[in-house]
Amino acid sequence: DWTPDSFIETTIAALREKLGDDKVVLGLSGGVDSSVAAVLLHHAIGKNLHCIFVDNGLLRKDEFEQVLESYKHMGLNIKGIDAKQRFYDALAGLIDPEKKRKAIGRVFIEVFDDAAHEVQDVKWLGQGTIYPDVIESVSVKGPSATIKSHHNVGGLPDFMKLKVVEPLNTLFKDEVRKVGKALGIDPNILGRHPFPGPGLAIRILGDITPEKVAILQEADAIYINNLRSAGVYDKVWQAGAIFLPVQSVGVMGDERTYENVICLRAVESVDGMTADWCHLPYDLLAKISNEIINNVKGINRVVYDISSKPPATIEWE
Ligand code: XMP
193 DWTPDSFIET TIAALREKLG DDKVVLGLSG GVDSSVAAVL LHHAIGKNLH CIFVDNGLLR
253 KDEFEQVLES YKHMGLNIKG IDAKQRFYDA LAGLIDPEKK RKAIGRVFIE VFDDAAHEVQ
313 DVKWLGQGTI YPDVIESVSV KGPSATIKSH HNVGGLPDFM KLKVVEPLNT LFKDEVRKVG
373 KALGIDPNIL GRHPFPGPGL AIRILGDITP EKVAILQEAD AIYINNLRSA GVYDKVWQAG
433 AIFLPVQSVG VMGDERTYEN VICLRAVESV DGMTADWCHL PYDLLAKISN EIINNVKGIN
493 RVVYDISSKP PATIEWE
């Protein structure tokens, strides 16, 4: 019978056998899968696991610092890399969502590769690939593979001639969470909503500037913190704010404003393939809207997305 403890025990033994004294590099994203993969590898090979966590400037507010801190707390051998400016430079002026994704993927590979080269004699690339990712990348017709160029899987550049080790590639998401819990990983990491690799870049419609990212981070933080304090966060499959570069008229005191729109999105889903919008309580929506409009400069209107998938995707880009 499958239990998290038996999985952990056999996987650690198998990893030790397979890796011996070899070194492994692994990119952490702050998400569940890469975190659980990293902790398993850490238990198996300790300091021979070299983790890399890239700040692409497109993460949630304070996320890089907080997540880096909790990884260090877990004892992981981890290097945080501030590459914000490289990503902003590559994104400057890009509007097309696929071009934005490609630019982010390209810069990530460059930054990761630079960092990986600093690990002497590294032999392996560790990845948090889970079973559904394996299936999805095999059946190229999967909607998410064809409609949007997801780059969670297969982003290995040719020049990194590393062997791949994927300790979670037989598990489903709920099993990964159970393993993570049995490993004692921070519940805040295990319970996180899915968050796309390109991050806030695909939640800002059109071109990206550091100013727009900062506005969206503030609005998103107010939104997510309110979902948490209302006890709703864990009931929602995924939530996030979207920056709409649409200006509309408002009044603030006796001033007329002409500012942007924040859209709130929250969905229920099982696997992200289909999704229904969440019927969040009106009182909660009212509180979030007031807080955003009163505290986030540059926003004078908040709307709620009431579209289900299909046909509307979860992300706006
Ligand atoms: P959509 O927007 O296609 O999203 O309904 C389904 C799920 O996939 C996530 N998503 C992405 N994840 N890179 C990722 O790693 C991407 O480019 C990407 N686009 C969407 C989305 O957040 C949702 O969980």
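Residue numbers (UniProt numbering): 193 to 509.
Backbone N, C-alpha and C define an ideal beta-carbon position, used for all residues, glycine too.
In this text the structure is predicted, and so the values were computed from the model without any measurement.
I296 and Y280 have their C-alpha atoms some 9 Å from each other.
Counting only runs of 4 or more residues that sit fully inside the stretch 389-449, the alpha helix (DSSP H) segments are 402-421, in chain order. The closest heavy atom of the ligand XMP lies 7 Å or more from the beta carbon of R252.
Closer than 7 Å to some heavy atom of the ligand XMP: that does not describe the Cβ of G383. Per DSSP, L283 has no beta-bridge partner at all. Between the beta-carbon of P359 and that of L477 there is about 41 Å, and that puts the pair past the 8 Å contact cut.
Separation of the CB atoms of V424 and L472 is rounded to 7 Å, and the pair is thereby assigned contact status at 8 Å.
For G318, the secondary structure class from DSSP, reduced to helix, strand or coil, is strand.
Counting only residues of its own chain and dropping the five nearest sequence neighbours on each side, C470 has a CB closer than 7 Å to the CB of V428, A458, V459, E460. Taking 8 Å as the cut-off, the beta carbon of F304 is found closer than this to the beta carbon of I244. For A467, the beta-bridge partners assigned by DSSP are K501.
Excluding sequence positions up to five before and after V259, its CB lies within less than 6 Å of the CB of G222, all in the same chain and listed in chain order. DSSP lists no beta-bridge partner residue for F304.
Excluding sequence positions up to five before and after D399, its CB lies within less than 7 Å of the CB of G285, L286, I287, all in the same chain and listed in chain order. Counting of Cβ neighbours within 10 angstroms places T195 among the exposed residues, the total staying below 16. Listed as beta-bridge partners of F245 by DSSP are L220, G272. Around the beta-carbon of R208, fewer than 16 other beta-carbon atoms lie within 10 Å, marking it exposed. Ranked by how close their Cα comes to the Cα of N486, the residues Y496, D475, I414 have I414 in first place. With a cut-off of 7 Å, the C-beta of K501 is classified as near the ligand XMP, since at least one heavy atom of the ligand falls inside that distance. Rounded to whole angstroms, the gap between the alpha carbons of D214 and I394 is 37 Å. Residue burial annotation: K404 is buried, with at least 16 other C-beta atoms found within 10 angstroms of its C-beta.
The C-alpha of N269 is placed about 22 Å away from the C-alpha of K353. Taking all protein chains in view, the Cβ of Y450 is surrounded by fewer than 16 other Cβ atoms within 10 Å, so the residue is classified as exposed. Shown here for S226: same chain residues with a beta carbon closer than 8 Å to its own, the five before and five after excluded, namely L218, G219, L220, Q319, G320 in chain order. If you ignore the 5 residues before and after V495, its C-beta comes within less than 7 Å of the C-beta of V453, C455, all in its own chain and listed in chain order. Between P386 and G464 a beta carbon distance of about 6 Å is seen, short of the 8 Å cut, so the two are scored as contacting. Bridge partners of A458 according to DSSP: A431. For E451, DSSP records a beta bridge to S440.
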